Every structure is written in structure tokens, then in C-alpha cells.
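Residues 2 to 397, numbered by the working numbering, are exactly what the sequence shown covers, in order.
Cβ coordinates follow ideal geometry from the N, Cα and C atoms, glycine included.
Quick caveat: nothing in here was measured; it's all calculated off a predicted structure.
Worksheet: one structure, shown below.
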Amino acid sequence: MHDFFLTDEDRAFRAELRDFMARELAPRVDAIERNQDFSTQTAVARALGEAGYLKLMFTDLYSGPLSAPGLTHAVIVSEEAAYLNYAFETTIATALSCAYPIHRHARPALRERYLTPILEGRAVGSICMTEPGVGSDSAGMTTRIRFDDSTREWVIDGFKRYISNAGEADVYIVWGITDPDLPPQKGMSAVLVPAGTPGLSVPRLYDFMGRRGSVVGEVTLDQVRVPEENLLGEVNQGFAIMLGAFNFERVILGGSGLGVARAAFDLAKDHAQSRVSFGQKLGQKQLIWDMVAQMSWRIDAAELLTHRAAKMYDAGLGGKDLMREASQAKLVASETAVFCSDRAVQILGGDGVTRQYGRVEQLYRDARALPIVGGTSEMCKYLIAAREMPAIRPNL
Ligand SMILES: Cc1cc2nc3c(=O)[nH]c(=O)nc-3n(C[C@H](O)[C@H](O)[C@H](O)COP(=O)(O)OP(=O)(O)OC[C@H]3O[C@@H](n4cnc5c(N)ncnc54)[C@H](O)[C@@H]3O)c2cc1C
Numbered sequence: 002m003h004d005f006f007l008t009d010e011d012r013a014f015r016a017e018l019r020d021f022m023a024r025e026l027a028p029r030v031d032a033i034e035r036n037q038d039f040s041t042q043t044a045v046a047r048a049l050g051e052a053g054y055l056k057l058m059f060t061d062l063y064s065g066p067l068s069a070p071g072l073t074h075a076v077i078v079s080e081e082a083a084y085l086n087y088a089f090e091t092t093i094a095t096a097l098s099c100a101y102p103i104h105r106h107a108r109p110a111l112r113e114r115y116l117t118p119i120l121e122g123r124a125v126g127s128i129c130m131t132e133p134g135v136g137s138d139s140a141g142m143t144t145r146i147r148f149d150d151s152t153r154e155w156v157i158d159g160f161k162r163y164i165s166n167a168g169e170a171d172v173y174i175v176w177g178i179t180d181p182d183l184p185p186q187k188g189m190s191a192v193l194v195p196a197g198t199p200g201l202s203v204p205r206l207y208d209f210m211g212r213r214g215s216v217v218g219e220v221t222l223d224q225v226r227v228p229e230e231n232l233l234g235e236v237n238q239g240f241a242i243m244l245g246a247f248n249f250e251r252v253i254l255g256g257s258g259l260g261v262a263r264a265a266f267d268l269a270k271d272h273a274q275s276r277v278s279f280g281q282k283l284g285q286k287q288l289i290w291d292m293v294a295q296m297s298w299r300i301d302a303a304e305l306l307t308h309r310a311a312k313m314y315d316a317g318l319g320g321k322d323l324m325r326e327a328s329q330a331k332l333v334a335s336e337t338a339v340f341c342s343d344r345a346v347q348i349l350g351g352d353g354v355t356r357q358y359g360r361v362e363q364l365y366r367d368a369r370a371l372p373i374v375g376g377t378s379e380m381c382k383y384l385i386a387a388r389e390m391p392a393i394r395p396n397l
């Protein structure tokens with residue numbers, strides 16, 4: 002049985018979401034992929050926000066019909082969006098990744114100013130951790146945030162790269178070192194920087210093999226000044242804020258991987274059941290069954306792990322109690338998306354690598370980013386092993 006962990010209400014929500022995506026996203030996917038038109042994405046994000054679908058994880062703000070909204074439903078949104086277009090799904094995932102620390106750690110006035118517009122789909126958020134010298138090893142960042150006593154402002158200097166929504170965002174969360182004399186995990190802070198703040202610029206956007214239509218670039222911070230109140234949480238709490246967001250991000254990424262994997266699987270099955278080769282349907286050949294069976298069990302494994310992690314989060318588990326399960330969900334769903342898009346190309350043959358014959362080549366290009374973003378597969382394995390062997394620390 003598919004979706005074993007879901008309740009009837011969850012399943013009804015998925016059906017509602019499918020209708021919504023068919024109406025709002027499906028007619029726009031070509032504009033996103035071919036024209037790389039970000040305004041098309043913001044139009045769909047706005048519709049999602051107006052329908053209340055970006056508030057599902059923020060239960061104090063949600064006022065829709067679900068009796069127990071939560072991460073489970075946010076994962077369903079990700080899955081259904083990624084099924085149609087992974088680039089668009091990354092825009093929602095980034096919005097939630099930015100909203101989450103603001104919801105938990107921003108001062109009330111800033112929460113009101115920035116959180117509500119993001120969750121209503123009227124504003125775009127961005128999170129800035131990665132730098133040229135650090136990706137997985139985020140504790141090694143060199144961006145500096147110092148406090149200017151005379152003006153009561155935070156002053157930020159640094160350079161961030163691979164930043165989703167760079168140049169499109171209305172607000173950026175920037176991580177940097179506030180106390181270089183402490184270990185980075187204890188001397189890092191996070192501040193909110195509104196777009197248009199002098200000194201913040203976007204020198205370059207990247208050109209990616211997949212996720213066409215999503216916007217990712219570099220962010221320069223040159224003597225950027227923001228008021229004291231823009232600090233998230235307390236000074237030197239930035240690393241804990243970062244870790245706190247990883248669990249939920251990884252479960253959401255489980256939904257992204259599932260959506261991409263399932264789209265590829267459906268296209269592969271359609272082809273295997275219609276294409277005739279050597280006098281029989283392709284799907285009647287044993288070598289093709291093997292691929293179909295492998296895609297099937299991998300998708301179910303990814304789904305069970307992702308839904309389990311989401312349900313655990315909704316039951317109140319977090320931090321170290323969710324680290325292994327969230328990492329397993331992200332790892333297995335990402336690798337499943339890569340596997341399924343690759344096998345789908347193989348089953349479609351020439352049609353699988355040709356733009357004129359549908360979307361399989363796009364899924365293949367899109368999927369490849371999944372084991373890299375939001376914690377690479379290797380980092381997920383490290384976190385899983387660390388929880389399995391608490392008495393020793395695997396050597397990074
Ligand atoms: C499309 C896209 C969007 C992104 N969006 C954002 C964003 O919005 N904000 C943001 O801050 N960042 C973003 N990133 C950055 C992303 O989080 C990093 O790319 C990721 O964390 C990996 O870092 P890296 O690219 O520097 O690779 P590295 O950390 O240099 O790793 C390179 C390879 O080495 C492996 N590796 C590293 N250390 C070890 C080890 N100890 N043992 C074994 N293997 C190891 C990694 O798993 C990886 O396979 C984005 C990246 C992409 C591609």
C-alpha cells in the first residue's frame with residue numbers, strides 16, 4: 002500500500018493539492034523550464050500562499066480546515082510540486098527554510114514584518130550559509146558579523162555563494178562569525194538583512210544543468226549594516242539555529258526527491274507498457290521488469306522513511322531524536338530520484354535524452370542536485386552513523 006503512514010485526512014489533502022497544482026502549476030511549467038521566468042514562479046507561490054499552504058508547518062498561524070496540520074502536509078506540498086516541476090518546488094522549500102528561523106527566533110516586530118509576507122507568498126526569502134571555502138563544513142565560514150556599539154548596529158562583511166533566490170529575495174538570513182576567539186559552533190550568529198540594504202549585492206547568477214528557472218547566485222556583503230534587533234535569537238546562537246532548521250529541511254527534501262522519482266517512474270511505466278520491441282511490449286522483458294521493480298521498492302522505501310520522519314516531527318520529536326530519521330529520508334529520497342530518473346532515461350531510449358519527447362531528460366538533469374543540496378549524501382551518512390554509534394565520533 003502506498004502512503005501507509007498517512008491518515009484519510011492526509012490523503013484527502015493530497016487529492017486537494019493535486020487539483021491545486023494541476024490548476025496553478027501545470028500550465029506554467031514550460032514557462033519556468035524553457036523561459037526561466039522567475040515571475041511565473043512567484044505567481045504560483047502567491048497562489049499557494051493565498052490558499053494557506055505555506056503555513057502548514059506553522060500551526061499557530063494556520064487557520065485552514067486540517068485538524069492537525071504539520072510537516073506531513075508541507076512534505077505533501079513539496080512532493081506534489083516537485084512531481085510537476087522541481088525548480089518551482091525549490092522556491093517553496095527555500096521560502097520555508099527562511100521562514101522557519103524567523104518564526105522561531107526573530108524579534109516580534111521583525112517576525113511580523115518578514116514572516117507574514119513570505120507565508121502569504123507575497124515575499125521571497127533566502128538563506129546564506131555557503132561560502133567559496135565552506136559548504137558541508139559550514140562551521141569554517143569566514144563571514145564576519147561585528148557589533149558597532151556607537152550606532153547599535155550589526156556590521157556584516159563576507160561573500161556567500163550558491164544562494165537560492167539571490168537577487169530575487171526580499172529578505173536574507175546571513176550567518177557569520179561574531180566571536181572569532183570561540184570555536185565557530187559557539188561564536189556564530191545569524192542576522193536578517195532586507196533586500197536593498199547598502200553593501201548587499203549579487204555579482205553573479207549561476208547557470209545550472211537542471212532546476213532551470215530557479216535562481217541561485219552569489220551574495221556580497223560589504224560593510225552591510227542592520228539594526229541590533231535584526232539578530233535572530235541570541236548572539237553566538239547561530240550554529241544552533243542552523244542545526245535546528247536542518248531536520249525539517251531534510252524531511253522536506255525527502256518530499257522533493259519523492260516527487261521527482263515518482264514523475265520519472267510514471268513516465269517510465271507508461272513507456273514500458275506502450276512501446277513495442279521485438280514483437281512485445283517493452284514491459285514484458287525481464288531486464289525491464291528488473292528496472293521497474295527496483296524503482297518501485299526504492300520509491301516505497303523513500304516514501305516510508307520520509308513520512309515516518311514527518312510524522313515524528315509532527316509528534317514533537319526534534320534535534321538529535323530526529324537527526325537519523327530526517328537524514329535517512331533525505332538520503333534515500335535524493336538517491337532514489339537520481340536512480341529513477343536515470344533508469345527512466347534508459348527505458349525511454351532515444352526519447353529519454355531528447356527534449357522533443359517529453360520531460361525525462363529534464364528530470365535526469367533536475368535530480369542530480371538533490372544529493373548535493375541541503376546536506377550532501379555523504380553528510381547524511383555521517384549523521385546516520387553518528388547516531389548509530391554514539392560512543393564514538395565518525396571521522397569527518
Ligand atoms: C542548486 C543549489 C542551491 C543551493 N542553495 C543554497 C542556499 O540557498 N543557501 C546556502 O547557504 N547554500 C546553498 N547551496 C549550497 C549547498 O548547501 C552546498 O553545495 C552543499 O552543502 C555542499 O557544499 P559544497 O558544494 O561546498 O561541497 P563540499 O562541501 O566541498 O563537498 C564536495 C564533496 O565532498 C564530499 N565531502 C565533503 N566533506 C567530506 C567528508 N568529510 N567525508 C566525505 N565526503 C566529504 C561532499 O559530500 C561532496 O560530495 C546550494 C547548492 C546548490 C547546488
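Review point. Can you list, in chain order, the residues of its chain whose CB lies under 6 Å from that of L349, leaving out five sequence neighbours each side?
Key: Mapped onto the sequence shown, residue 349 falls at position 348. Within the same chain, L349 has close Cβ partners H272, V361.
Check your understanding: Are the beta-carbon atoms belonging to V227 and L193 less than 8 Å from one another?
Key -> The residue you call residue 227 lines up with position 226 of the sequence shown. The residue you call residue 193 lines up with position 192 of the sequence shown. Here V227 is near L193, since their CB atoms are less than 8 Å apart.
Review point. Going by the beta-carbon positions, is the gap between V203 and F209 smaller than 8 Å?
Key: As a first step, residue 203 is located in the sequence shown; it is residue number 202 there, counting from the start. As a first step, residue 209 is located in the sequence shown; it is residue number 208 there, counting from the start. No; because the gap between Cβ atoms is not below 8 Å, this pair is not in contact.
Practice item. Would you grab the beta carbon distance between N237 and T179 for me? Rounded to a whole angstrom, and I think it's under 8 Å. Key: On the sequence shown, residue 237 is found 236 positions in, with the first residue counted as 1. On the sequence shown, residue 179 is found 178 positions in, with the first residue counted as 1. Confirmed, about 6 Å.
Review point. On the three-state DSSP scale, how would you describe R251?
Key: Locating residue 251 in the sequence shown gives position 250, counting from the first residue. R251 falls in the helix class under three-state DSSP.
Practice item. List the DSSP bridge partners of R226. Key: What you label residue 226 is simply residue 225 of the sequence shown in a count that begins at 1. Looking at the DSSP output, R226 sits in a beta bridge with V156.
Review point. Excluding five sequence neighbours on each side, which residues of the same chain lie with their C-beta closer than 8 Å to the C-beta of I33?
Key: Within the sequence shown, residue 33 is the residue found at index 32, counting from 1. The beta carbon of I33 sits closer than 8 Å to the beta carbons of T41, Q42, N86, A88, F89, R213, G214 from its chain, once the five residues preceding and following it are set aside; these are given in chain order.
Exercise for review: Could you pull out every unbroken alpha helix (DSSP H) segment of at least 4 residues lying fully inside the region 352 to 391, listed in chain order?
Suggested key: Taking 4 residues as the shortest admissible run, the region 352 to 391 contains the following complete alpha helix (DSSP H) segments, listed from N- to C-terminal end: 361 to 368, 378 to 389.
Practice item. Please state if the CB of A23 and the CB of S257 are separated by a distance shorter than 8 Å. Key: For the purposes of this step, residue 257 is taken as residue 256 along the sequence shown, with counting starting at 1. For the purposes of this step, residue 23 is taken as residue 22 along the sequence shown, with counting starting at 1. The Cβ atoms of S257 and A23 do not sit closer than 8 Å to each other.
Check your understanding: Near G353, what residues of its chain come up, given a Cβ to Cβ distance below 8 Å and the 5 sequence neighbours on each side ignored?
Key -> On the sequence shown, position 352 is the one that residue 353 refers to. So the list reads A345, V346, Q347, V361, E362, Y365, once near-sequence residues are dropped.
Review point. Can you give the beta carbon distance from D171 to A124, rounded, assuming they're within the 8 Å contact cut?
Key: Here residue 171 is taken as the residue at index 170 of the sequence shown, counted from 1. Here residue 124 is taken as the residue at index 123 of the sequence shown, counted from 1. Rounded, the Cβ-Cβ distance is 4 Å, consistent with contact.
**Study point:** Bridge partner(s) assigned by DSSP for C1
**Key:** Residue 1 is absent from the model: the chain starts at 2 and stops at 397.
Review point. Just curious, the beta strand (DSSP E) that A69 is in, first and last residue?
Key: Translated into the one-based positions of the sequence shown, residue 69 becomes position 68. For A69, there is no enclosing beta strand (DSSP E), since its DSSP letter is neither H nor E.
Review point. Which one or two residues does DSSP pair with F148 in a beta bridge?
Key: Start at 1 with the first residue of the sequence shown, and residue 148 comes out as number 147. W155, per the DSSP bridge assignment.
Point to revise | Proximity winner among V135, R309, D11, L259, relative to R162 (alpha-carbon distances) | key: By one-based count along the sequence shown, residue 162 stands at place 161. Nearest in C-alpha terms to R162, of all of V135, R309, D11, L259, is V135.
Practice item. Under 8 Å Cβ to Cβ from A107, same chain only, skipping five residues before and after it: list those, please. Key: As a working note, residue 107 is residue 106 in the sequence shown. Taken in chain order, the residues that qualify are Y115, L116, L193, L233.
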